[in-house]
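Working notes, structure below.
Numbering (our numbering), first residue to last: 148 to 857.
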């Protein structure tokens, strides 16, 4: 396999060819000056790309115009009738953009990274648009974004400024994969034929949202887990967003996406520039599994700040205590957690201000003196004495009306003068777009981390925007959506720069803020507030299509489950949680000695294989839909070892029990089962399969760890 990425230009054909280790992407500037898509798929030579660019076009009816598919960034103007990626309203009220090439540049901003910039101007107005393409020598992911600059002396409004448009080749059919859900039922995977017309996925909530996630996959309808071609794209943005997939009457498909939602615009004053977030694309062969593994490798290597680290086993106090938090109780819980082999103890909500319920205290981020008379110091010291790191729950973007902060600064929240202030969860959203609010937020977080030596922040964000106004800013409603996210990113970036050892979890009522943008600044995410093991199988299946297990927080909690009231054995709960970043969230005071002993054994078992879970290649050997048993495998890059997790919620008498064929092994090697001592040939495991030996009955699960012999 080639490992060098090349960006080349052929002046005879006008084609820019981007070649990654396994794929190619080609674009050219046509005779009108517009950037046009040529190809995205398997590797091409310049001559092969030129052949594609010069293939005769299918003549279009004079009634049709163009759909935008095949254009590198469809604009509003001319005979274009598809969804525009760039839509501008100038000061004179006109809405059109005509491409005029200005310059191009290829450079290497850092070792192993190559970037292409194609700059254009509008033919009539002084508006500059630059298309950016960035690739890395060890990844097939292409990172694209757009900058738009107002070089004139009159304001401009961007009605839409997407990061990229992606065009697919003509295929006999198209299928769309994406996830939808709601709070506590996030990341549910859907695969269905792409309808003709436009399919819009979006969030208008101010954050990524529980209800959809900004990624899509497209295939020809025949791709399976292990075979077929997949075109996929994921947006690196933690605010409102929109992705539109289009299937045209002439048998083509494409998509466009970026920040912002319908009804909002981006105002550009003279001299102002808009920089879109990255919309990353990936073509892959080898089915959905290969696409997943390529995304996982890229995210661990090039998105996460510390993707090579092995995450600790975590305990969180929430389900044990709720808001009933005090120093003595937390020390007792910490002692129980340490017995299990926990490495990071996280104190959840209820430790600060007047926080006795969700009705008060948000915004007053100092330890409650009646609950922690000596501050958090004694608890932090005790947690460290027990051999664990210390973490803390915070919700920096929110405020309760019943708080000292709100009483002092009622103007700091999102609001519209004269309108009601809608409370969700008895709280309002601080306007982080304001520089003073952002600075206040950074200051208290920095002080908290510094004074107490905090190792880990569970950063929560528990409600969507409403009354999204910014009265003190001209065009504040339109400006705050992006400014809010940029200030959020800046706060986290500053914290991490000042505290290099700090690790952060993105939590938003569970899975409400999960995307490549927040993952570039945090170390893991809280996948869902739903910790029911049966539900988690489907949630984790959808999550893992793009995002790696290294980011996926997974807790073992008590039964009956708080949401589903379902009773699931401890063994099954642990095995499901071992598929991600294992954590424990139950009331350890209520656990029997038998449960404590069993849990400690499961924690030790996880520690022996977590390098595979967190850094290995994921193979989905059977899915949660349509099969009685779900099996996932994590394999080492050198094929030296692998592990499997299998779960069967219910057992139907007479259902066939088949061996499971493994992947990612060395066929010529032998592998020993670390639990039973049995030795298997790699070729037999891959071609004929392994009998899992699940225990009989419902809620059956197992973990199999195989290591290469010799």
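Note that the Cβ used here is the ideal one computed from N, Cα and C, for glycine as well.
Taking a contact to require three or more Cβ pairs closer than 8 Å, the region 680-690 and the region 392-405 do not qualify as touching. No Cβ-Cβ contact shorter than 8 Å links residue 569 with residue 622. Here DSSP, grouped into helix, strand and coil, assigns residue 587 to helix. Inter-residue distance for residue 314 and residue 188 is about 10 Å (C-alpha atoms, whole angstroms). Under the Cβ criterion (8 Å, minimum of three pairs), the region 670-678 counts as touching the region 326-336. When DSSP states are grouped into helix, strand and coil, residue 374 belongs to the coil group. Between the alpha carbons of residue 828 and residue 801 lies a gap of roughly 29 Å. In the DSSP assignment, residue 247 is bridged to 268. Taking a C-beta distance under 8 Å as the contact criterion, residue 617 and residue 578 qualify as a contact pair. Within the same chain, and ignoring the five residues on either side of residue 620 in sequence, the residues whose Cβ sits closer than 7 Å to its Cβ are 626. Scanning 843, 221, 811 and 193 for the CA closest to the CA of residue 831 turns up 811. For the alpha helix (DSSP H) assignment, the uninterrupted runs of no fewer than 4 residues enclosed by the region 449-484 are, from N- to C-terminal side, 465-468.
Remark: C-beta atoms of residue 441 and residue 287 approach each other more closely than 8 Å. Contact between residue 162 and residue 175 holds: their C-beta atoms lie close to 5 Å from each other, under 8 Å.
Boundaries of the alpha helix (DSSP H) around residue 757: 740-762. The three-state reading of DSSP puts residue 290 in strand, counting E and B together. In this structure the region 838-852 touches the region 786-803; the number of beta carbon pairs closer than 8 Å is three or more. Fewer than three beta-carbon pairs drawn from the region 768-784 and the region 740-748 are found closer than 8 Å, and the two stretches are therefore not classed as touching. Here residue 730 has 460, 461, 462, 463, 700, 701, 702, 703 and 724 as same chain residues with Cβ atoms under 8 Å from its own Cβ, once five neighbours each way along the sequence are excluded. Taking each of 545, 605, 630 and 602 in turn and checking the Cα distance to residue 582, the smallest one comes out for 630. For residue 421 and residue 545, the gap between their C-alpha atoms comes out near 27 Å. Going by beta carbons, residue 277 and residue 293 fall inside the 8 Å limit.
In the same chain as residue 414, and ignoring 5 residues on each side of it, the C-beta atoms closer than 6 Å to its own belong to 304, 622 and 625, in chain order.
Judged by pairs of C-beta atoms under 8 Å, the region 708-720 does not touch the region 343-363, as fewer than three such pairs exist. In this chain, the beta strand (DSSP E) harbouring residue 279 covers 274-283.
At least 8 Å separates the beta-carbon of residue 182 from that of residue 307. Going by DSSP, residue 685 is part of the alpha helix (DSSP H) stretching over 680-690. Less than 8 Å divides the Cβ of residue 736 from the Cβ of residue 483. Here residue 260 has 283 as same chain residues with Cβ atoms under 6 Å from its own Cβ, once five neighbours each way along the sequence are excluded. Assigned with DSSP and collapsed to three states, residue 736 falls in helix.
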